[in-house]
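So the protein sequences, as listed, match chains A and B. The first sequence begins at 1 in my numbering and counts up one residue at a time. The second sequence begins at 246 in my numbering and counts up one residue at a time. Beta carbons: idealized from backbone N, C-alpha and C, even for Gly. Have a look at the structure below before the remarks.
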Amino acid sequence: MPKPIDREKSQKLYVQLFELLKEKIEKGEWAVGTQIPTEEELCKKYEVSKATVRIAILDLVRQGYLTRQQGKGTFVCKRIIPEGLAMSTGFKELMLEAGVNFTTAVLAQTVLMPTDDLDVKLGIAENVHVIYIKRLRSMDNEPVLLQESYIPRHLCTLLLKEDVENNSLFDLLEYKFKIKITRVTDYIEIAYLTKDEGRLLGLKEGSPALLLEQHFYAGESQIMYMRSIKRPERFRFFIELERKT
Amino acid sequence: MADGKTAKDVMIDVFDFPHIPYWFTIKQTVGIIKKSVLGREKCVQPLAILVFDEKYNLVGTVSLKDILKGLEPRFLRQSTKAQGHSEDETGLSVLWDTLFDKEAKEVCEHQISEIMTPSKYFLEPGDPITKAAYLMLRYDLTLLPVLEDKKKFVGLLRMNEIFDELSNAILK
Chain A
1 MPKPIDREKS
11 QKLYVQLFEL
21 LKEKIEKGEW
31 AVGTQIPTEE
41 ELCKKYEVSK
51 ATVRIAILDL
61 VRQGYLTRQQ
71 GKGTFVCKRI
81 IPEGLAMSTG
91 FKELMLEAGV
101 NFTTAVLAQT
111 VLMPTDDLDV
121 KLGIAENVHV
131 IYIKRLRSMD
141 NEPVLLQESY
151 IPRHLCTLLL
161 KEDVENNSLF
171 DLLEYKFKIK
181 ITRVTDYIEI
191 AYLTKDEGRL
201 LGLKEGSPAL
211 LLEQHFYAGE
221 SQIMYMRSIK
231 RPERFRFFIE
241 LERKT
Chain B
246 MADGKTAKDV
256 MIDVFDFPHI
266 PYWFTIKQTV
276 GIIKKSVLGR
286 EKCVQPLAIL
296 VFDEKYNLVG
306 TVSLKDILKG
316 LEPRFLRQST
326 KAQGHSEDET
336 GLSVLWDTLF
346 DKEAKEVCEH
356 QISEIMTPSK
366 YFLEPGDPIT
376 KAAYLMLRYD
386 LTLLPVLEDK
396 KKFVGLLRMN
406 EIFDELSNAI
416 LK
């Protein structure tokens, strides 16, 4: 018998449903990798509307609990929760752009519409044009990092023409387009390379690699989503946490 | 004739249309059409998606027809019967539920570049719209891209504006 949704409560229905489903994931009732029930099934089970279910699920996707795969369904993901700690690491170091002698190859700098989960991950509507930048970074001629960045086009239309081979996106956004990044959230996990990613990084399809997903915010709105895949052996991550006084 | 209007006077904004890179699958493209084209109140005609390469160069366009043709359900295939069969009878006996079958589902995973209409004809911003009309009729185009210095994609021409301008000359 599922815990019921309390209609008397002042809390919005989707928030209640979000909490219920989150609990299921955190307690392991829904194991990592399993497919969750369909929207229709959840509507029936919790006696709520489809819209309520959809919003709750989208929020879980946004927060990294679930992942949607077009045509397949929604699945529970592996998640490491780095929330609740204030970071004193400079944003710039988080970009993995500064400090190291990378050489950069720009593999793509173009425009696309969001597919799969991108609209949710970037917190935008489905019909927004997005600038897509894909770069392969090498150290000593060895590819180490594959970085894909997504930025809503209307924030900085001219980014499409900028030199992203020699400039960091962080610098371009902050100094050129005057968008001040105020918050970054990071999700770090192990991913298995697709064929294409493997080819670019010089590894076999299916080999494990480090996946870093970052969401960059200016105030309340997200301005960039960056997905970085790293060869596992070349990096040690340093994050310093400091208690806010 | 048409007051010497040029391409740049009547072209429309390229961002009125959804953009995708050529490596998107047909399925992803269909998803985008469903979400950001069909069912939107503000919907620019003709319905089309623009396809770009890695460097944001336009490589083609995708219309709803391109997609249906690409999936090629049986009713679209050429009739193998030699003679005496009128065109509109082809495949009418095929039942709807067998049309978009397994095969089409496989094709869905192919890249959109396989079924798009490649962009071969372009106009410069200063070209007269009569040239646009000529190209569109000659090659049966619904959209005609405008490139600055043969490179920078600055706008799109469609029949609506061109017809409108040319018809002024007729009605005068």
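So, for A:S149: in the same chain, excluding its five sequence neighbours on each side, which residues have a beta-carbon less than 7 Å away from its beta-carbon?
I133, L169, M224, M226
So does the region 253–262 of chain B actually touch the region 293–306 of chain B, counting three or more Cβ pairs closer than 8 Å?
yes
Any chance you could list the beta strand (DSSP E) runs of at least 3 consecutive residues sitting entirely within the region 105–193 of chain A, in chain order?
Counting whole runs of 3 or more residues, the region 105–193 of chain A contains the beta strand (DSSP E) stretches 130–139, 142–152, 183–192.
Alpha carbons only, please: which of B:Y301, B:F398, B:Y379, B:P390 is nearest the one belonging to A:L160?
The candidate whose alpha carbon is nearest that of A:L160 is B:Y301.
Could you check if A:L193 is buried or exposed, using at least 16 other CB atoms within 10 Å of its CB as the buried criterion?
buried
Three or more C-beta pairs below 8 Å linking the region 264–275 of chain B and the region 353–360 of chain B
yes
Do you know offhand how far A:K92's Cα is from A:G198's?
Because the pLDDT at A:K92 is just 49, under 50, the model does not fix this residue reliably, and the value given afterwards should be weighed accordingly. C-alpha separation (whole angstroms): 27 Å.
Check whether the Cβ atoms of A:F18 and A:A56 sit closer than 8 Å, and answer yes or no.
yes
Selection from B:L416, B:I407, B:K417 that minimises the alpha carbon distance to B:T251
Of the candidates B:L416, B:I407, B:K417, the one whose C-alpha sits nearest the C-alpha of B:T251 is B:I407.
With a Cβ-Cβ cutoff of 8 Å, do B:G305 and A:T115 count as a contact?
no
Could you check whether the region 66–78 of chain A touches the region 34–41 of chain A, counting it as contact only if at least three pairs of C-beta atoms, one from each stretch, sit closer than 8 Å?
yes
Measuring CA to CA, which of B:E299, B:L368, B:H264 is closest to B:V255?
B:L368
Below-8 Å beta-carbon distance, B:P266 vs any chain A residue:
At least one beta carbon of chain A lies nearer than 8 Å to the beta carbon of B:P266.
Would you mind reading off the limits of the beta strand (DSSP E) that contains B:S308?
Boundaries of the beta strand (DSSP E) harbouring B:S308: 303–308, taken from the DSSP string.
Any C-beta of chain B sitting closer than 8 Å to the C-beta of A:V111?
yes
Taking 8 Å as the cut-off, does the region 64–71 of chain A touch the region 124–143 of chain A (at least 3 CB pairs, one atom from each stretch)?
no
Using Cβ-Cβ distances below 8 Å, what residues of the region 246–263 of chain B are close to chain A?
Along the region 246–263 of chain B, going in chain order, the ones with a CB nearer than 8 Å to a CB of chain A are F260, P263.
Could you name the residues of the same chain whose beta carbon sits closer than 7 Å to that of A:K22, not counting the 5 residues immediately before and after it, in chain order?
The answer, listed in chain order, is L60, Y65.
Sort A:G28, A:P152, A:E165, A:Q16 by Cα distance to A:V53 and report the nearest one.
A:Q16
What in chain B is Cβ-close to A:N167, meaning under 8 Å?
Within chain B, no residue comes near A:N167; the closest Cβ sits about 17 Å away, beyond 8 Å.
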